[in-house]
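Student: Quick one: structure below, then a few questions.
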Amino acid sequence: MTSKSTKRITPYTRQKEFPNTFNVLNNTLVCICCEHSVSWEHKVSITTHVNSKTHKKNKQNYDAAAQNSQFQTLEDSFSDVESKKAMVKDLVEVFVKANIPLEKVNALRPFL
Ligand SMILES: [Zn+2]
């Protein structure tokens, strides 16, 4: 009376149960939206992850990125003013680090 033949659960089982949500890497279930590994032995850990605020937010961004061009995505995800300011600041830093003249950043402003 050793191993009962219950259904064998693998990360791939979970991947099929939650389509378009996970990758399997080295026997680990990795959320494609969060790029975060999720324990797959118990289904509840996965449903908890999938229903978490963080995941939902990441999934929205992920779906938007998959559907739209990059600029449309930025427009959508940074619709409120504070986020926009933060994004412009980040962008300026990127440009500065890349040695791109700030006048070129200004040229992008109509899009920001
Ligand atoms: Zn996730």
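The sequence shown begins at 21 in the working numbering and counts up by one. Glycine residues also receive a C-beta, built at the ideal position from the N, C-alpha and C atoms. The structure presented is a predicted model; accordingly, all values stated were derived computationally and were not measured.
1) Nearest CA to the CA of Arg28: which residue from Trp60, Val50 and Ser65?
2) Given 6 Å as the limit, tell me if His75 has its C-beta closer than that to any heavy atom belonging to ligand 1.
3) With a Cβ-Cβ cutoff of 7 Å, do Pro31 and Asn46 count as a contact?
4) If you reduce the DSSP assignment to three classes, tell me which class His75 lands in.
5) Helix, strand or coil: which one does DSSP assign to Ser57?
Tutor: On the basis of the data shown:
1) Trp60
2) Yes, Cβ of His75 sits closer than 6 Å to a heavy atom of ligand 1.
3) no
4) helix
5) strand
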